[in-house]
Structures are given as structure tokens and as C-alpha cells.
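Asker: Before we start, here is the structure in question, set down as C-alpha cells.
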Amino acid sequence: MTRKHTQWIQPGRRRFVLGACGLLAGALGARAVDLQLLRSDFLRNQARVRHVRSVPLSAHRGMFLDRNGEPLAISTPVWSIWGDPGPLLAARELWPTLASALDMPLERLAERVTAAAGREFIWLRRRLTPSATERVLDLGVPGVGRRREYRRYYPTAEVSGHVLGFTGIDDQGREGLELAYDDWLQGHPGRKRVVIDRLGRRISDLELIREAVPGRDLTLSIDRRMQYLAYRELKATVQHHGATSGSMVILDVHTGEILAMVNQPAFNPNDGRDRASADLRNRAVTDSFEPGSTMKTFTIAAALESGQYQPETSVFTAPGTLRVGGHTISDYRDLGELDVGGILRKSSNVGASRVALSLEQHELWRLFSRCGVGESTGSGFPGEAGGKLLPAGSWSQVETATMAFGYGMAVTPLQLARAYAAIAADGVLPEVTFHKGGRPDAGERVMSRETAQAVRHMLESAVAPGGTGVRAAVPGYRVAGKTGTAHMAAAGGYAADRYRALFAGFAPASEPRLAAVVVIDEPQGEEFYGGQVAAPLFARVIGGSLRLLDIRPDGLEVPDEQRLRTAGGAT
Amino acid sequence: MIGERSIAFGLGVVVLLSALAVVDAQHRSRALFVELQALEAEAAELETEWGRLQLEQSTWATHGRIERIAREELDMRLPEFDSAEIVVLP
Numbered sequence: 137m138t139r140k141h142t143q144w145i146q147p148g149r150r151r152f153v154l155g156a157c158g159l160l161a162g163a164l165g166a167r168a169v170d171l172q173l174l175r176s177d178f179l180r181n182q183a184r185v186r187h188v189r190s191v192p193l194s195a196h197r198g199m200f201l202d203r204n205g206e207p208l209a210i211s212t213p214v215w216s217i218w219g220d221p222g223p224l225l226a227a228r229e230l231w232p233t234l235a236s237a238l239d240m241p242l243e244r245l246a247e248r249v250t251a252a253a254g255r256e257f258i259w260l261r262r263r264l265t266p267s268a269t270e271r272v273l274d275l276g277v278p279g280v281g282r283r284r285e286y287r288r289y290y291p292t293a294e295v296s297g298h299v300l301g302f303t304g305i306d307d308q309g310r311e312g313l314e315l316a317y318d319d320w321l322q323g324h325p326g327r328k329r330v331v332i333d334r335l336g337r338r339i340s341d342l343e344l345i346r347e348a349v350p351g352r353d354l355t356l357s358i359d360r361r362m363q364y365l366a367y368r369e370l371k372a373t374v375q376h377h378g379a380t381s382g383s384m385v386i387l388d389v390h391t392g393e394i395l396a397m398v399n400q401p402a403f404n405p406n407d408g409r410d411r412a413s414a415d416l417r418n419r420a421v422t423d424s425f426e427p428g429s430t431m432k433t434f435t436i437a438a439a440l441e442s443g444q445y446q447p448e449t450s451v452f453t454a455p456g457t458l459r460v461g462g463h464t465i466s467d468y469r470d471l472g473e474l475d476v477g478g479i480l481r482k483s484s485n486v487g488a489s490r491v492a493l494s495l496e497q498h499e500l501w502r503l504f505s506r507c508g509v510g511e512s513t514g515s516g517f518p519g520e521a522g523g524k525l526l527p528a529g530s531w532s533q534v535e536t537a538t539m540a541f542g543y544g545m546a547v548t549p550l551q552l553a554r555a556y557a558a559i560a561a562d563g564v565l566p567e568v569t570f571h572k573g574g575r576p577d578a579g580e581r582v583m584s585r586e587t588a589q590a591v592r593h594m595l596e597s598a599v600a601p602g603g604t605g606v607r608a609a610v611p612g613y614r615v616a617g618k619t620g621t622a623h624m625a626a627a628g629g630y631a632a633d634r635y636r637a638l639f640a641g642f643a644p645a646s647e648p649r650l651a652a653v654v655v656i657d658e659p660q661g662e663e664f665y666g667g668q669v670a671a672p673l674f675a676r677v678i679g680g681s682l683r684l685l686d687i688r689p690d691g692l693e694v695p696d697e698q699r700l701r702t703a704g705g706a707t
Numbered sequence: 007m008i009g010e011r012s013i014a015f016g017l018g019v020v021v022l023l024s025a026l027a028v029v030d031a032q033h034r035s036r037a038l039f040v041e042l043q044a045l046e047a048e049a050a051e052l053e054t055e056w057g058r059l060q061l062e063q064s065t066w067a068t069h070g071r072i073e074r075i076a077r078e079e080l081d082m083r084l085p086e087f088d089s090a091e092i093v094v095l096p
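In order, the protein sequence lines correspond to chains A and B.
So the first sequence is numbered by the numbering used here: it starts at 137 and just counts up by one.
So the second sequence is numbered by the numbering used here: it starts at 7 and just counts up by one.
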């Protein structure tokens, strides 16, 4: 049987089958050698190119907190949709649904994807809401994924827009403190290498290239409640008087911390389209102007420092005008004989000029420049203006006389507030800062304690009945301050009918804690004096702030003392 | 002779066991990776949720809104200074 079969199969056929099998095996072997040995590096590399990706690990930007730990700027996670043009181009039929889920016109999507052919990653739509992201991913379009990004959100919106500034699309600081402290706040994204499949899903992690480091939080000196109060009142005042712009700054007189800083007009940093450049300026720091009568405070301080004047020294201002080098300086009426305090109380230009002209040549300049006029405060705010003060040697008689009441120089509201803080803090000029805590020891003595205290008393009487700043009074507290009404500089001189209303002061006068400056540009209508426009705003904001900070009223009259009850004591 | 054989057999068994262990480890690693991905996704969701809640809280707590509700709905107002009583802690 076996033999019969053996004979049946012809030897040629057998050899043929064996040979074919051998050839096949040989071909397989050769291919294996080719793939595994000869071309292995190339292929391995190709596999890596196709399936290994390095993906970013997002790191959020640090928060801005106010001095009480309330958030002023938060980075919240959002999703952004990305696409891989390769698989996307292969699934053209899904584009219309994808485009509608992304809420963008089909043509734009098509254009973007085709333009990016050959690349592996493009953003399709950034910063979507979670529900919109969900809708896109539920479509299951190949080559579409989501990636975590962060959106900056400012809970106080326009109230602190100028101080905080805002960030760009890639989370870098663009304006304000966001720009100033960009390095501190910025998170550093990490990277890791992963293996993905054909549809872009992650299969396994290979290695961590760099760990993600989140940004650090920064606690500011701003008090969110005072900031809101100042903003609300400033806005109301600017609207009520039809003014073009306004600013207010409140400082802690000892630490130099900026507790509130607001401006009008304002912008909302949450709204990327709300970016009219004029509204973006933090005028309290970037704009300088002639401070007018608010500068008389420092003229008087210089007079007292010189030793030539005592608070009760008489100055004659009759007949209400004074001719200096061909120019006439005038008061609003003949104020007659005034003591030094009376010059501040009645805000006499003639009196201030007479005092300034009688001092030694550099005396006035020395005090002004010590108080920080014409010199950046070092707050670190981007775009801070330095103001202007002419060099000491170059003052003519006229310049000396006009600078005595605040013309011919320029200061920012922040500089002015700082200079007033020096008077409030017994003559120590504080180092202003946006950081909580500040540097209370960094202050520099710019006048003697006696001078500062004497000027403080005079400023208090300027707010008392009979003074120009009586409307700055706060019930229950002693307030000190000086009004100012400056003509706005115009081409070739001063505009006769355009004014700037100012008030600078501090409270409580017995033991000052807060110094503030109010500037209102071009108030319209009957009321335009600093004492009518700026002083009431000062009273409302400072009154509210003293209450918020639980500062004990120091202005209760004697019968009122009975209203001070000791907790737990007898009623 | 016998000794060599049993050594070879023993080694074969060990190789087999190690191969099985590799399979098991691979399987567990995959399972853990799936779990890791799920947890990472959950963490991301929670972070998003936390961010949303933070926003929601700060929106509700806006001073302007609180003031409006206090004034308009609850009819609250600041007392005049004269009608306030000041309590000083000892």
C-alpha cells in the first residue's frame, strides 16, 4: 500500500512542493532579517514618530489676593479643543457637525485644517465652556481632543481693573500688576512623553520630561472692601459732576501700603474686547499734573522747617494781589492779615508766595524733592510717571512764587498721597508698595516731628468750619486735609474755564492711619472747587473706610464720650 | 547526566513561570494605567468644577450685588453716626 503510493507520487512533484516551501520559508527569513536587523533602527524611529508624542502638562497662574485673602484674580481651568490635521483630513464628512459644535463657520474650520496639513497639532477653539467641550468630544471625530488651559477671571471686574491689569491669550501679563509680577505669578508648564494610538488616544505614559510648576499666589496691599467703596463713590462723583476723569488713592500712612486705588473711566478686565486704550491707564500712577493749592501744605512745612516762621507768625496778603517779575498773583479776595495756618485754612496764593519768596533759595526745592515730588515712588507699577520738578538752581522769582501754590511742577496722585502720608506719619515719608505688609522701617524722615505735627493741626483747621475743606469732615472723626482747584494747562497757558478739583488729607487726625488723594478732572456746572467736588467724596470714602477698619472715633465731643461704652462694663 | 537533565528541566519551569509573571505584570500595568487615566480625568473634572464654584462664589459675593440686595430687598441702611453706639473692648 505504502509502496504503491510512493510510486504514485512522482519525484518531480515532490521536489517542487518541497522547493516552494523552502523558498517561502527563505523569503520569510530574509524579510525577518531585513526588518529585525537591517532596517530596525529606521522602523523603530518611524514608530516613535507616529505614536510617541510629548504633551504639555498645564500649570496655572498664581492668584492675586487682597489683604484679607479675598481673591482678586483667579485662573480657572477651561478646556481648549485641538485637532490633528492628519485624521481630520481623512474624515471630511464629519466637518459640518464638528463646525457647528465648535460654533464656527464650516469654511473657517476647513481653511484652518487644510492650511495645517502636515502638522500634528492645531488649536481648533480655545477656552470653551465645559458643556460645549462635552458636545464636541461626544461627536467622536477622529483626531480631535481637548487640552486643559486656564482663563483669568477678575471677580471685582472694573473696580480693580487698572491696578491688576490683565493677561494675554497665553496667560502672560500684559498690563498693570499682572505685568509687573509676571515672573512670580507665572506657572511653568511641564511636558511628558506618551504613546498614542491611531486615533490620538493616550495608551501609555513613557516618561516625565519636566514637572509642571504652578505659579505662586501674591497677596496685595489692596483692601477689596475699601477698593469697592472708593470706586463706587468716585464713579458717582464723576457722573454727578460730568467730569472727564478722576482718581483716588488711599495709603496706610505708616507702612506705605496702597489700600485702594481707583480711576474713572474704567474698563472690565474680564472682557477681552473692552480695551479702549484711554480707559486702560491707571491714572493714579501714570498721569501727572499740577497739584495746585494742595502743594501749599509743603510750602508751609518748608517755612516752619527753616525756623524763620512759627505757626503764629503773621503774613500780610493785602490787597489780595502780589506782583512778581511782571506777573500778578492773586487771591479770590483780599484775605488781609493771616497767620501761617491761615494761609492753609483760607488757601491764600499771595500768602504762600510771600512765604516762599522770603525763604532761602533752595529751601522750598529741598523740601519738595525730599517729599518725592518729581521722582518715581518706586511702587514698581508699569508705566509709572515720575512727575516733574525743576532743578534747584534754575528757579526764578516767578517760578518760586507759583510753585509755592503748586504750579510749574507735576505730581501723580500716588506721589501726592505719599507726601501727605509723610505729614500724617510725623515727618517720615513711607515707601509705597502694592504688597501686603510693606516695609514700615523703609520710610525716610523728610521733616522734623514738630513741623509735621504743626502742619497737621493747620490742616485740621482747614477742614473745620471756616476752612475751605469743611465738606471733607467725617462725623465722629477728626480729619485733616487741603483742598485744591487747579486751572488745567492748555495750549499757550491755562484754560480759564477748565478746572481740576483736588483734595488731599488724612484721618483720624489725632493718630493718622489713612492718607488719601482725590483728583477730579474738569467737573462741569456750578460746583467745581476742590472743596465742593473732591472733599465730599473724600469724606464718604474715608468715613466708610474708618468704619470698615474698626478705627476708634477720635472726634467725639465731651458729652459724646458717654456714648463710648466699655464692652462688658455697666451700661 | 540525570543531574544536567533535571537542571535543564528546572530552568525550563523557571522560564515558564517568569514568562507567566511577565504576562501578569503587563496585564496589571495596563489595568493600573486605565485606572490612572480615569483618576486623572476625574481630577481634571474636579478641578474644573472647583474653578467654576470659585467663580460662582465670587460672583454671588460681589460687593455691588450684596449692597443692592441689602438696600433694595432687605431695606437695610447705614445708621446715622448720631444713632450709633460705640462699644470699646477693654
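Cβ coordinates follow ideal geometry from the N, Cα and C atoms, glycine included.
Being a predicted model, the structure only gives us computed values, none of them experimental.
Have a look at Ala560 of chain A and Arg614 of chain A and give me their C-alpha separation to the nearest angstrom.
Answerer: Reading the first sequence from its first residue, position 424 is the one you call residue 560 of chain A. Reading the first sequence from its first residue, position 478 is the one you call residue 614 of chain A. About 13 Å.
Asker: Helix, strand or coil, according to DSSP, for His498 of chain A in the structure here?
Answerer: As a working mapping, residue 498 of chain A is identified with position 362 in the first sequence. In the structure shown, His498 of chain A sits in coil (DSSP, three-state: anything other than H, G, I, E or B).
Asker: Relative to the C-alpha of Leu550 of chain A, which candidate in A:Ile386, A:Leu495, A:Ala537 has its C-alpha closest?
Answerer: As a working note, residue 550 of chain A is residue 414 in the first sequence. Measuring from the Cα of Leu550 of chain A, the nearest candidate turns out to be A:Ile386.
Asker: Verify the CB distance criterion: does Gln32 of chain B have a CB-CB separation below 7 Å to chain A?
Answerer: Within the second sequence, residue 32 of chain B is the residue found at index 26, counting from 1. Answer no: the Cβ-Cβ gap between Gln32 of chain B and chain A never drops below 7 Å.
Asker: For Leu45 of chain B, would you say it is in contact with chain A, using Cβ-to-Cβ distances shorter than 7 Å as the test?
Answerer: Along the second sequence, read from residue 1 onward, the residue named residue 45 of chain B stands at position 39. With 7 Å as the cut-off, Leu45 of chain B does not count as an interface residue toward chain A.
Asker: Mark Ala44 of chain B as exposed unless 16 or more other C-beta atoms lie within 10 angstroms of its C-beta, in which case mark it buried.
Answerer: For the purposes of this step, residue 44 of chain B is taken as residue 38 along the second sequence, with counting starting at 1. Burial call: exposed.
Asker: Going along the chain, which residues of the region 50-71 of chain B sit with their C-beta nearer than 9 Å to a C-beta in chain A?
Answerer: Those residues of the region 50-71 of chain B that come within reach of chain A (Cβ to Cβ, closer than 9 Å) are Ala50, Glu51, Glu53, Thr54, Glu55, Trp56, Gly57, Arg58, Gln60, Leu61, Gln63, Ser64, Thr65, Ala67, Thr68, His69, Gly70.
Asker: Relative to the alpha-carbon of Arg634 of chain A, which residue among A:Arg409, A:Arg244, A:Gly666 has its alpha-carbon at the smallest distance?
Answerer: Within the first sequence, residue 634 of chain A is the residue found at index 498, counting from 1. Considering only alpha carbons, the answer is A:Gly666.
Asker: For Gly487 of chain A, which residues of its own chain have a beta-carbon under 6 Å away from its beta-carbon, when the five flanking residues on both sides are left out?
Answerer: Position 351 of the first sequence holds residue 487 of chain A. Excluding positions up to five away in sequence, the list reads Val451, Thr453, Leu474, Ile479.
Asker: List, in order along the chain, the chain B residues whose C-beta lies closer than 7 Å to that of Pro77 of chain A?
Answerer: The structure shown does not extend to residue 77 of chain A, since chain A spans only 137 to 707, so no value can be given for it.
Asker: Alpha carbon to alpha carbon, what distance is there between Ala652 of chain A and Tyr317 of chain A?
Answerer: On the first sequence, residue 317 of chain A is found 181 positions in, with the first residue counted as 1. On the first sequence, residue 652 of chain A is found 516 positions in, with the first residue counted as 1. Answer to the nearest angstrom: the Cα atoms are 25 Å apart.
Asker: Give me the Cβ distance between Glu314 of chain A and Thr303 of chain A, rounded to the nearest whole Å; I'm assuming they're in contact under 8 Å.
Answerer: Against the first sequence, residue 314 of chain A aligns to sequence position 178. Against the first sequence, residue 303 of chain A aligns to sequence position 167. Yes, they are in contact, since the Cβ atoms of Glu314 of chain A and Thr303 of chain A sit about 5 Å apart, within 8 Å.
Asker: Below 8 Å on the Cβ atoms is my contact criterion, and I expect Phe403 of chain A with Asp415 of chain A to pass it. Report the Cβ-Cβ distance as a whole number of Å.
Answerer: Position 267 of the first sequence, counted from the start, is the residue given in the question as residue 403 of chain A. Position 279 of the first sequence, counted from the start, is the residue given in the question as residue 415 of chain A. Confirmed, about 4 Å.
Asker: Measuring straight from C-alpha to C-alpha, what distance separates Ser484 of chain A and Arg417 of chain A?
Answerer: Residue numbering aside, residue 484 of chain A sits at position 348 when the first sequence is read from its first letter. Residue numbering aside, residue 417 of chain A sits at position 281 when the first sequence is read from its first letter. Cα-Cα distance, rounded: 33 Å.
Asker: For Phe15 of chain B, go through chain A and note every residue whose CB falls closer than 9 Å to its CB, in chain order.
Answerer: Position 9 of the second sequence holds residue 15 of chain B. Correct list: empty, because the minimum Cβ distance to chain A is about 30 Å.
Asker: Expressed to the nearest angstrom, what Euclidean distance is found between the alpha-carbon atoms of Lys328 of chain A and Leu525 of chain A?
Answerer: Against the first sequence, residue 328 of chain A aligns to sequence position 192. Against the first sequence, residue 525 of chain A aligns to sequence position 389. Spanning the two alpha carbons is a distance of roughly 56 Å.
Asker: What's the gap between the Cα of Glu243 of chain A and the Cα of Asp407 of chain A?
Answerer: As a position in the first sequence, residue 243 of chain A is number 107, starting the count at 1. As a position in the first sequence, residue 407 of chain A is number 271, starting the count at 1. Taking the straight line joining both Cα atoms gives about 27 Å.
Asker: With 9 Å as the C-beta to C-beta threshold (strictly closer), list the residues of the region 320-339 of chain A near chain B in chain order.
Answerer: Of all residues in the region 320-339 of chain A, Arg338, Ile339 have a Cβ within less than 9 Å of some Cβ in chain B.
Asker: Applying the 10 Å Cβ sphere with the 16-neighbour rule, what's the burial state of Asp307 of chain A?
Answerer: Taking the first sequence and counting its residues from 1, one reaches residue 307 of chain A at position 171. The residue in question, Asp307 of chain A, is buried, as its Cβ has 16 or more Cβ neighbours within 10 Å.
Asker: Taking 7 Å as the CB-CB cut-off, is Tyr289 of chain A touching chain B?
Answerer: Here residue 289 of chain A is taken as the residue at index 153 of the first sequence, counted from 1. Yes, contact with chain B.
Asker: Do the CB positions of Gly392 of chain A and Thr569 of chain A come within less than 7 Å of each other?
Answerer: As a position in the first sequence, residue 392 of chain A is number 256, starting the count at 1. As a position in the first sequence, residue 569 of chain A is number 433, starting the count at 1. Contact flag set, yes.
Asker: Would you list, in chain order, the members of the region 600-620 of chain A that have their beta-carbon closer than 7 Å to a beta-carbon of chain B?
Answerer: Cβ contacts with chain B come from Pro611, Gly612.
Asker: State yes or no: is the beta carbon of Pro213 of chain A nearer than 7 Å to at least one beta carbon in chain B?
Answerer: Numbered from 1 along the first sequence, position 77 holds the residue referred to as residue 213 of chain A. Taking Cβ atoms only, chain B reaches closer than 7 Å to Pro213 of chain A, which makes this a yes.
Asker: Pull the bridge partners of Met384 of chain A from the DSSP assignment, please.
Answerer: For the purposes of this step, residue 384 of chain A is identified with residue 248 of the first sequence, where counting begins at 1. Answer is A:Val398, A:Val654, bridged to Met384 of chain A.
Asker: What is the rounded straight-line gap between the Cα of Ala558 of chain A and the Cα of Glu567 of chain A?
Answerer: In the first sequence, counting from the first residue as 1, residue 558 of chain A sits at position 422. In the first sequence, counting from the first residue as 1, residue 567 of chain A sits at position 431. Answer to the nearest angstrom: the Cα atoms are 10 Å apart.
Asker: If I'm right that Ala237 of chain A touches Val214 of chain A with Cβ under 8 Å, what's the distance once you round it to whole angstroms?
Answerer: Translated into the one-based positions of the first sequence, residue 237 of chain A becomes position 101. Translated into the one-based positions of the first sequence, residue 214 of chain A becomes position 78. Not really, about 16 Å apart at Cβ, beyond 8 Å.
Asker: My output table needs one value for Pro695 of chain A: the three-state DSSP class, helix, strand or coil.
Answerer: Here the question's residue 695 of chain A lines up with position 559 in the first sequence. At Pro695 of chain A, the pLDDT of 48 sits below 50, so the modelled position is not reliable and the matter cannot be decided from this model.
Asker: I'd like to know whether the C-beta of Tyr630 of chain A is nearer than 7 Å to at least one C-beta of chain B.
Answerer: Within the first sequence, residue 630 of chain A is the residue found at index 494, counting from 1. Closer than 7 Å: no.
Asker: Could you name the residues of chain B that Ile465 of chain A contacts, counting a contact when the two beta carbons are closer than 7 Å?
Answerer: Position 329 of the first sequence, counted from the start, is the residue given in the question as residue 465 of chain A. Residues of chain B passing the Cβ test: none, with the nearest at roughly 40 Å.
Asker: Between Ser357 of chain A and Arg203 of chain A, how many whole angstroms is the CB-CB distance? I'm expecting something under 8 Å.
Answerer: Position 221 of the first sequence, counting from 1, holds the residue named residue 357 of chain A. Position 67 of the first sequence, counting from 1, holds the residue named residue 203 of chain A. Right, the Cβ-Cβ distance comes to about 6 Å (below 8 Å), so this counts as a contact.
Asker: If we define contact as Cβ-Cβ less than 7 Å, is Gly148 of chain A a contact residue for chain B?
Answerer: Against the first sequence, residue 148 of chain A aligns to sequence position 12. No, Gly148 of chain A lies away from the interface with chain B (no Cβ there is under 7 Å from its Cβ).
Asker: Within 7 Å (strictly less), CB to CB, does Pro401 of chain A reach chain B?
Answerer: As a working mapping, residue 401 of chain A is identified with position 265 in the first sequence. For Pro401 of chain A, the answer is no, since every Cβ of chain B falls outside 7 Å of its Cβ.
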